[in-house]
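Participant: Quick note: the sequence shown uses our numbering, first residue 35, plus one each step. For every residue, glycine included, the Cβ atom is placed at its ideal position computed from N, Cα and C.
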Amino acid sequence: MPFHAKLLSAVVCAFIVAGCGAKANEEAAAAASTAGSTSQPGTTTQQPGDDAPPAESTGGFDGKRAFAHVAKQVGFGPRPSGSAAIGRLQEFIQSELTGYGCKVDADTFTADTPVGRLPMKNVVAKIPGDKPGIIMLATHYDTKLLPNFVGADDAGSSTGVMLELARQLCGKKGNYSVWITFFDGEEAVKEWSDTDSRYGSRQMAAKMAMSGDLAKVKALLLADIVGTRPPRFKREADSTKWLVDLVWGVAKKLGYADVFLDESLEVSDDHNPFLKRKVPAVDVVDLENYPGGNLYYWHTPEDTLDKVSAKSLAITGHVFLESVKQLQSK
35 MPFHAKLLSA VVCAFIVAGC GAKANEEAAA AASTAGSTSQ PGTTTQQPGD
85 DAPPAESTGG FDGKRAFAHV AKQVGFGPRP SGSAAIGRLQ EFIQSELTGY
135 GCKVDADTFT ADTPVGRLPM KNVVAKIPGD KPGIIMLATH YDTKLLPNFV
185 GADDAGSSTG VMLELARQLC GKKGNYSVWI TFFDGEEAVK EWSDTDSRYG
235 SRQMAAKMAM SGDLAKVKAL LLADIVGTRP PRFKREADST KWLVDLVWGV
285 AKKLGYADVF LDESLEVSDD HNPFLKRKVP AVDVVDLENY PGGNLYYWHT
335 PEDTLDKVSA KSLAITGHVF LESVKQLQSK
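#1: Considering only C-alpha positions, which residue in the set K286, D296, G261 is nearest to K268?
#2: Please determine if the region 166–184 and the region 209–217 are in contact, where contact requires at least 3 C-beta pairs separated by less than 8 Å.
#3: Quick one: is T193 buried, meaning 16 or more other Cβ sit within 10 Å of its Cβ, or exposed?
#4: Would you decide whether A271 is buried or exposed? Buried here means 16 or more other CB atoms lie within 10 Å of its CB.
#5: Less than 8 Å between the beta carbons of M196 and L179, yes or no?
#6: Should E220 go down as buried or exposed, given a rule of 16 or more other Cβ atoms within 10 Å for buried?
#7: Which class does K341 belong to by DSSP, given the choice of helix, strand or coil?
#8: Is DSSP giving H174 helix, strand or coil here?
#9: Hey, how far is the Cα of A105 from the Cα of L347?
#10: Evaluate the contact criterion for the region 79–91 versus the region 153–164: three or more CB pairs, one atom per stretch, below 8 Å.
#11: State the start and end residues of the unbroken alpha helix (DSSP H) segment that holds E130.
#12: Just list the residues that DSSP pairs A253 with in beta bridges.
#13: Could you compute how far the alpha carbon of P12 sits from the alpha carbon of G234?
#14: Could you tell me which of V316, K287, A240, K224 sits nearest to W258, measuring between CA atoms?
#15: Which of the three DSSP states, helix, strand or coil, is assigned to R151?
#16: Would you kindly report the start and end of the unbroken alpha helix (DSSP H) that includes E198?
#17: CB-CB under 7 Å to D84, same chain, minus the five flanking residues each way: which ones, in chain order?
#18: With distances taken from CA atoms, which of K98, S227, E322, T215 is nearest T173?
#19: Return yes when the Cβ of P265 is within less than 8 Å of the Cβ of D188, no when it is not.
#20: Taking all protein chains shown into account, do 16 or more other C-beta atoms lie within 10 angstroms of the C-beta of D176, making it buried, or fewer, making it exposed?
#21: So, is V278 buried or exposed, given that buried needs 16 or more other C-beta atoms within 10 angstroms?
#22: Who pairs with A243 in a beta bridge, going by DSSP?
#23: For T142, which residues from the same chain have a beta carbon less than 8 Å from its beta carbon, with the 5 sequence-adjacent residues on both sides left out?
#24: Between the Cα of D218 and those of S227, R236, K224, W226, spot the shortest distance and give me the residue it belongs to.
#25: Starting from the C-beta of L280, find all residues in its chain whose C-beta is less than 7 Å away, skip the five residues before and the five after it, and write them out in chain order.
#26: Please give the ranges of any beta strand (DSSP E) in the region 254–317, keeping only runs that are unbroken, at least 3 residues long and fully inside the region.
#27: Give the single residue among A118, K207, A119 whose Cα lies nearest to the Cα of C136.
#28: Taking DSSP as the reference, what is the three-state secondary structure of T142?
#29: Taking the DSSP output, what are the residues bridged to I161?
Spelled out as structure tokens, the structure:
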């Protein structure tokens with residue numbers, strides 16, 4: 035997940051305990067089984083106060099469905115780029131998107147990494163609009179290459195949100211096209227750097243620049259680590275100010291001022307390759323990974339399904355839906 039330069043020294047490796055990842059896999063598999071298909075989502079492992087509010091109160095976004103998507107992902111086990119598990123997840127994502135009536139494009143490519151060339155795939159649901167212009171929503175779906183790391187919050191939560199957003203938006207034509215993008219290869223295979231990280235977003239930004247589509251992007255809204263309890267989204271320092279103001283303004287109008295905070299945080303993430311090419315972008319991410327913070331489990335085997343709140347997913351999805359409506363009216 036994103037690498038925060040100022041917080042790296044505070045990553046608590048002591049939480050990587052042998053064997054807990056296997057237990058997490060068992061719990062996740064049971065949760066995914068309980069959840070079943072997304073037509074009958076479950077809320078396994080939710081704590082008191084974590085239940086999603088009714089969808090009618092969050093613009094139609096169903097936090098329980100989003101949580102069921104997280105359970106499904108975790109049930110696949112660790113999902114690093116190039117693994118058999120991520121291949122199964124790719125099939126699931128594409129199947130869900132197709133089932134919602136989305137037009138799905140997949141870009142399969144290979145990336146040179148510190149462990150050799152790896153196959154990767156970006157998946158994009160494309161919803162047509164009436165006028166030229168693209169609103170991009172994005173997440174990454176790979177998990178970091180670590181022992182027993184199932185990435186419920188780090189990759190699973192934002193991917194669950196994007197799948198539910200696709201269910202809400204596919205088939206609803208607006209002024210501008212909406213591209214809901216699932217990036218592979220966000221995580222560093224070994225050590226975070228400009229060449230070992232963000233493989234999928236770098237690939238897509240370059241490809242869109244060559245095709246001319248990049249110039250059509252009006253805004254990129256990235257979600258990453260959004261299932262925390264309680265979520266604390268700070269204004270990402272490198273994100274485009276007017277777009278941050280729009281998203282945070284929407285959140286305040288919806289009553290989420292205690293979640294979308296007027297504090298700043300610097301995070302390197304999948305929005306960076308687009309920012310470098312002058313695309314307006316915002317990163318909605320919770321990365322309070324200092325000891326005692328609410329993300330103490332970041333990049334450890336403790337990032338299991340019990341760390342994800344359906345309520346947090348619902349808040350994030352609600353804000354994204356309303357932000358898209360505002361962007362569509364511009």
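Facilitator: Answer, in terms of the structure:
#1: D296
#2: Touching, yes.
#3: buried
#4: exposed
#5: Going by C-beta atoms, M196 is not nearer than 8 Å to L179.
#6: buried
#7: helix
#8: It is a strand residue.
#9: Distance between the alpha carbons of A105 and L347: 13 Å.
#10: The region 79–91 is not in contact with the region 153–164.
#11: For E130, the enclosing alpha helix (DSSP H) begins and ends at 118–133.
#12: I169
#13: This structure does not reach residue 12, given that the chain is present from 35 up to 364, and the question cannot be answered.
#14: This sequence places Asp at residue 258; Trp is not what is there. Out of V316, K287, A240, K224, V316 has the C-alpha closest to the C-alpha of D258.
#15: Residue state, collapsed to three classes: strand.
#16: E198 -> alpha helix (DSSP H) spans 192–203.
#17: R263, S343, A344, K345
#18: T215
#19: no
#20: Classification for D176: buried.
#21: With 16 or more other Cβ atoms inside 10 Å of its own Cβ, V278 counts as buried.
#22: Beta-bridge pairing links A243 to no other residue.
#23: P153, M154, K155
#24: R236
#25: S357, Q360
#26: 267–270, 294–299
#27: Nearest option by C-alpha distance: K207.
#28: strand
#29: V212
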